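**Q** Counting in my numbering, the sequence shown runs from 3 upward without gaps. We put the CB at the ideal spot given by N, CA and C, even for glycine. From a predicted model like this one, the values you see are computed outputs, not experimental measurements. To start, I am sharing the structure in question, which I have written as structure tokens.
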Amino acid sequence: MAPALGASVVVSEWVGVEYELIYFLPVGVGTGSSSLWNLMGNAMVMTQYIRLTPDMQSKQGALWNRVPCFLRDWELQVHFKIHGQGKKNLHGDGLAIWYTKDRMQPGPVFGNMDKFVGLGVFVDTYPNEEKQQERVFPYISAMVNNGSLSYDHERDGRPTELGGCTAIVRNLHYDTFLVIRYVKRHLTIMMDIDGKHEWRDCIEVPGVRLPRGYYFGTSSITGDLSDNHDVISLKLFELTVERTPEEEKLHRDVFLPSVDNMKLPEVTAPLPPLSGLALFLIVFFSLVFSVFAIVIGIILYNKWQEQSRKRFY
């Protein structure tokens with residue numbers, strides 16, 4: 003696959019880890035059957051980037067990879083740009099990067115579905131919670147969901163976030179990057195937004211359990227306020243990390259996202275639909291049981307009547 007779509011991406015250096023490039027966002031995304039990517043909504047292919055949403059009201063768009071990720075340890079590097087005409091707090095709403103079970107599901111959470119299953123990383127550019135004074139926007143946060151939690155827009159996702167940091171990323175004249183690293187159940191999110199080509203820590207959470215076989219994607223939404231939300235490149239790396247036998251036992255595959263020391267509401271899986279044969283057998287044996295119960299009831303009633311007549315005479 004020929005790399006394209008814009009400028010070079012900062013490659014992180016981490017001692018003891020080998021990097022192997024798995025895929026890179028290519029030119030012609032979503033335009034052919036062989037593409038690894040799909041566009042959704044108002045997303046558009048431009049010359050050097052993918053525009054998820056234009057600087058217009060009430061738009062939403064997304065970009066999703068078509069191939070599920072079965073890597074155990076990985077790193078996703080995102081080269082993006084958020085810019086527009088809005089001044090001060092008159093812009094919104096931001097973009098999200100996803101690693102989720104379901105793909106191509108439009109919704110209210112930065113253009114993706116609510117109650118998702120997996121990981122969401124949000125670059126939120128507009129503060130909805132008016133009374134909060136603790137954080138400065140734009141703000142990066144992360145959330146792990148097993149399908150039971152809703153993203154709280156009115157509180158900017160605070161009730162469910164794993165952590166976050168301020169990230170001044172709008173209308174910059176140099177490249178901005180975000181990296182999401184998942185190694186040994188350890189989630190790390192870093193950014194390069196100062197034009198120095200240096201990663202700066204944002205979020206670090208141990209004990210994050212993410213299943214394999216989910217999809218990577220990115221989405222954005224605008225409402226009454228808007229911005230251009232552009233994705234210049236996405237790079238996924240497989241990380242080769244040594245594990246001890248004890249770590250191998252501890253880091254077995256999981257089937258539902260979770261975070262150690264964080265209680266997520268349990269999800270009750272829906273019962274599978276009954277097959278035609280199973281439904282027939284249930285109805286058949288129910289009828290047989292009903293007939294049997296009626297016959298026994300009639301016999302007992304007749305015996306009771308006979309005993310009553312004998313007592314009367």
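Only counting runs of 4 or more residues, tell me where the alpha helix (DSSP H) segments fall wholly within the stretch 97-140, in order along the chain.
**A** Those alpha helix (DSSP H) runs which fall completely within the stretch 97-140 and span 4+ residues do not exist here.
**Q** When you compare only the Cα positions, how much space is there between Arg-105 and Ala-98?
**A** Each residue's Cα considered, the two are about 13 Å apart.
**Q** Is any non-hydrogen atom of the ligand HEM found closer than 6 Å to the C-beta of Ile-24, if you look at the structure I gave you?
**A** In terms of ligand content, the structure shown is empty, and the ligand HEM therefore cannot be addressed.
**Q** Any idea which residues DSSP pairs Tyr-51 with across the strands?
**A** For Tyr-51, which the question treats as bridged, DSSP gives no partner whatsoever.
**Q** I need the boundaries of the beta strand (DSSP E) containing Glu-20, first residue and last residue.
**A** Note, Glu-20: beta strand (DSSP E), 20-26.
**Q** Less than 8 Å between the CB atoms is what I'm expecting for Asn-148 and Val-119, so what's the real figure, rounded?
**A** That belief holds up - the Cβ atoms of Asn-148 and Val-119 are roughly 6 Å apart, short of 8 Å.
**Q** Give me the residue from Val-69, Trp-76, Ile-301 with the minimum Cα distance to His-188.
**A** Taking only the C-alpha atoms, the option nearest His-188 is Trp-76.
**Q** Rounded to whole angstroms, what is the Cα-Cα separation between Val-146 and Ser-260?
**A** Computed Cα separation, rounded: 7 Å.
**Q** Let me know if Val-111 comes out buried or exposed under the rule of 16 or more other beta-carbons within 10 Å of its beta-carbon.
**A** The residue in question, Val-111, is buried, as its Cβ has 16 or more Cβ neighbours within 10 Å.
**Q** Measuring CA to CA, which of Asn-304, Pro-129, Arg-211 is closest to Thr-102?
**A** Ranking Asn-304, Pro-129, Arg-211 by Cα distance to Thr-102 puts Arg-211 first.
**Q** Is it true that the stretch 90-97 meets the stretch 223-233, where meeting means three or more beta-carbon pairs spaced less than 8 Å apart?
**A** Yes: the two stretches touch, three or more of their Cβ pairs being nearer than 8 Å.
**Q** Can you tell me where the alpha helix (DSSP H) with Leu-252 in it begins and where it stops?
**A** Per DSSP, Leu-252 belongs to the alpha helix (DSSP H) from 247-252.
**Q** Give the range of the beta strand (DSSP E) segment to which Glu-206 is assigned.
**A** Taken as a continuous stretch (DSSP letters only), the beta strand (DSSP E) holding Glu-206 covers 202-207.
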